[in-house]
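Colleague: To convert a position in the sequence shown, counted from 1, into the numbering used here, add 59. C-beta atoms are modelled at their ideal positions from N, C-alpha and C, and glycine is treated no differently. Below: one structure in structure tokens.
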Amino acid sequence: MLKNISILLSGIVLISACDDGKAPVHENALKPTVVTEQVTHDTDDPAIWINAADTLESLIIGTDKDTDGALYAFDLDGKIVNKVPGLKRPNNVDIAYGLLLNGVRTDVAVVTEREMNRIHVFSLPDLKAIDNGGIDVFTGETERDPMGVALYTRPADSAIFAIVGRKSGPLENYLWQYRLEDDGTGAVKGTLVRKFGKYSGKKEIEAIAVDNGLGYIYYSDETVGVRKYIADPDRQDNTELAHFGTTGFTSDHEGISIYPLSDSTGYILVSNQQNNTFMVYPREGQPVLLAEIPVSTIESDGSEVTAVPLGGKFPQGLFVAMSNGKVFHYYSWKDIAERIKP
Numbered sequence: 060m061l062k063n064i065s066i067l068l069s070g071i072v073l074i075s076a077c078d079d080g081k082a083p084v085h086e087n088a089l090k091p092t093v094v095t096e097q098v099t100h101d102t103d104d105p106a107i108w109i110n111a112a113d114t115l116e117s118l119i120i121g122t123d124k125d126t127d128g129a130l131y132a133f134d135l136d137g138k139i140v141n142k143v144p145g146l147k148r149p150n151n152v153d154i155a156y157g158l159l160l161n162g163v164r165t166d167v168a169v170v171t172e173r174e175m176n177r178i179h180v181f182s183l184p185d186l187k188a189i190d191n192g193g194i195d196v197f198t199g200e201t202e203r204d205p206m207g208v209a210l211y212t213r214p215a216d217s218a219i220f221a222i223v224g225r226k227s228g229p230l231e232n233y234l235w236q237y238r239l240e241d242d243g244t245g246a247v248k249g250t251l252v253r254k255f256g257k258y259s260g261k262k263e264i265e266a267i268a269v270d271n272g273l274g275y276i277y278y279s280d281e282t283v284g285v286r287k288y289i290a291d292p293d294r295q296d297n298t299e300l301a302h303f304g305t306t307g308f309t310s311d312h313e314g315i316s317i318y319p320l321s322d323s324t325g326y327i328l329v330s331n332q333q334n335n336t337f338m339v340y341p342r343e344g345q346p347v348l349l350a351e352i353p354v355s356t357i358e359s360d361g362s363e364v365t366a367v368p369l370g371g372k373f374p375q376g377l378f379v380a381m382s383n384g385k386v387f388h389y390y391s392w393k394d395i396a397e398r399i400k401p
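In structure tokens form, the structure reads like this:
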């Protein structure tokens, strides 16, 4: 296997350097199946909402990171179909299904609003605000500036939690975890239930992902590696389970996406941002590098993936990644899977 990995990695050939000094797209990079319409300012992070009634009506939810920012909804053809304007530097977004509000199960998108030190909760697919103006995070801290967010749905009772990261913070307890639930009026409230997570102090922690099935949280400690923790706060276990991806990255570790092959197997993809590639690790067992996949996205901050078939363009699922140029790129998982073969 190690021999095959080295062959794959050495097979990545760079084209000539970009005029702006940033890393070029690789000569053998995967081409996106769809490129979205442009947002106004600066794309940052996507999430995927699966429409259970009609998967072809599923949506990509993405942030436009600016003081006059917005949350966007795109269809599977990359067309903008909805927009929430007036957000103060919305950074990352994630999705959960079936939050109980007024006795009704509601799908939600949660976004960090960095300049307001809060998270916002919107119902899906209509993107209606359902949080009475937002939920303050990192209250009482001098370092707040929320950036990353990921949602964990506990299988035992369907409780939903938001794990929130920030621009800078302490070397211990960098992440805060909030339980999201009905405040008694049908709006969402957030209750702090846990502080955890190591931080190197090198740069920042933005990309966070949750493996609901196996119960793990992963986050990128930029320029250092990817850290792994137990997701359920009731386990009262803040032990770091793994720290991987410590070599092979040009600089920043960014977006994390988890593709399931079964209940317990699959892949973890991590953006090697300045190299315009994604590093692939096994979801199970030891996190040993399986492949490095060159893509056409430039300096990708955020990504997401689903294994749900989404029509003829995405028969084995869809991988979406932010790219410079105010867009998101959609890739067919089938094309990605062919590059992971050992």
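Indicate whether the contact test is met: 3 or more Cβ pairs, each with one atom in the segment 340-347 and one in the segment 356-367, closer than 8 Å.
Modeller: The answer is no - the segment 356-367 does not touch the segment 340-347, with fewer than three Cβ pairs under 8 Å.
Colleague: Quick one, which of Pro91, Gly376, Gly199, Leu239 has its alpha-carbon nearest leucine 160's?
Modeller: Among Pro91, Gly376, Gly199, Leu239, the Cα nearest to that of leucine 160 is on Leu239.
Colleague: Let me know if proline 144 comes out buried or exposed under the rule of 16 or more other beta-carbons within 10 Å of its beta-carbon.
Modeller: Under this definition proline 144 is an exposed residue.
Colleague: Exposed or buried, what is asparagine 335 when buried is set at 16 or more other beta-carbons lying within 10 Å of its beta-carbon?
Modeller: It counts as buried.
Colleague: Helix, strand or coil for asparagine 87, going by three-state DSSP, please let me know.
Modeller: Coil, per DSSP.
Colleague: Which same chain residues, not among the five before or five after aspartate 322, have their C-beta less than 8 Å away from its C-beta?
Modeller: For aspartate 322, where only same-chain residues beyond five positions count, the Cβ hits under 8 Å are Gly272.
Colleague: Just to confirm my understanding: we take threonine 324, look at its own chain, exclude 5 residues before and 5 after, and list those with CB closer than 7 Å. What are they?
Modeller: Result list for threonine 324: Arg342, Glu343, in chain order.
Colleague: Going by DSSP in three states, asparagine 141 sits in which element: helix, strand or coil?
Modeller: It is a strand residue.
Colleague: Leaving out five residues before and five after glycine 128 in sequence, what residues of the same chain have Cβ atoms less than 6 Å from its Cβ?
Modeller: Correct list, in chain order: Leu146, Arg148, Pro149.
Colleague: Alpha carbon to alpha carbon, how far is lysine 124 from tyrosine 211? Give it in angstroms, no decimals.
Modeller: Going from the Cα of tyrosine 211 to the Cα of lysine 124 covers about 23 Å.
Colleague: In the DSSP assignment, what are the bridge partners of asparagine 331?
Modeller: In the DSSP output, where bridge partners are listed per residue, asparagine 331 has His312, Thr336.
Colleague: So which of Ala380, Gly376, Arg398, Val386 has the shortest CA-CA distance to tryptophan 392?
Modeller: Cα-wise, what sits closest to tryptophan 392 is Gly376.
Colleague: The beta strand (DSSP E) that contains isoleucine 119, what's its start and end?
Modeller: Counting along the chain, the beta strand (DSSP E) containing isoleucine 119 begins and ends at 118-123.
Colleague: Run the CB neighbour count on leucine 230, radius 10 Å, all protein chains shown included, and call it buried at 16 or more, exposed below.
Modeller: Exposed, because fewer than 16 other Cβ atoms sit within 10 Å of the Cβ of leucine 230.
Colleague: Ends of the beta strand (DSSP E) at glutamate 240?
Modeller: 234-241 is the span of the beta strand (DSSP E), which, as asked, contains glutamate 240.
Colleague: Taking the beta strand (DSSP E) that lysine 400 falls in, what are its first and last residues?
Modeller: Looking at the DSSP string, lysine 400 is not in any beta strand (DSSP E), and its letter there is neither H nor E.
Colleague: Could you pull the DSSP bridge partners for glutamate 343 from this structure?
Modeller: Glutamate 343 pairs with nothing; no bridge assigned.
Colleague: Should aspartate 104 be counted as a contact of the ligand PLP given a C-beta to heavy atom distance under 7 Å?
Modeller: Although the ligand PLP was asked about, the structure shown includes no ligands whatsoever.
Colleague: Assuming aspartate 104 is part of the beta strand (DSSP E), what are its boundary residues?
Modeller: It spans 102-108 - the beta strand (DSSP E) in which aspartate 104 sits, taken as one unbroken run.
Colleague: Could you tell me the alpha carbon to alpha carbon distance between aspartate 113 and valine 94, rounded to whole angstroms?
Modeller: Spanning the two alpha carbons is a distance of roughly 22 Å.
Colleague: Distance, Cα to Cα, phenylalanine 371 vs threonine 201?
Modeller: The sequence given here has glycine at residue 371, not phenylalanine. For glycine 371 and threonine 201, the distance between alpha carbons rounds to 50 Å.
Colleague: What first and last residue would you give for the beta strand (DSSP E) that runs through phenylalanine 197?
Modeller: Unbroken run through phenylalanine 197: none, as it is neither H nor E.
Colleague: Roughly how many angstroms separate the alpha carbons of aspartate 216 and glutamate 86, rounded to a whole number?
Modeller: Using only the alpha carbons, I get a separation of about 48 Å.
Colleague: Considering only their Cβ atoms, is the gap separating serine 330 from glycine 314 smaller than 8 Å?
Modeller: Contact flag set, yes.
Colleague: Do valine 169 and alanine 56 count as a contact pair if the criterion is CB distance below 8 Å?
Modeller: Since the first residue of the chain shown is 60 and the last is 401, residue 56 is not available in this structure.
Colleague: By Cβ distance below 7 Å, which residues in the same chain neighbour glutamate 174 in space, the five residues on each side in sequence not counted?
Modeller: The residues are Thr126, Lys147, Arg148.
Colleague: From tyrosine 233 to aspartate 270, what distance separates their C-alpha atoms?
Modeller: The alpha-carbon atoms of tyrosine 233 and aspartate 270 are separated by roughly 20 Å.
Colleague: If you count every other CB in all the chains shown that lies within 10 Å of the CB of glutamate 26, and 16 or more means buried, which is it?
Modeller: No information on residue 26 is available, as it lies outside the stretch 60 to 401 that the chain covers here.
Colleague: Return helix, strand or coil for lysine 254, following the three-state DSSP convention.
Modeller: DSSP places lysine 254 in strand when its eight states are reduced to three.
Colleague: So the beta strand (DSSP E) threonine 171 belongs to, where does it begin and stop?
Modeller: Where threonine 171 is concerned, the enclosing beta strand (DSSP E) stretches over 163-172.
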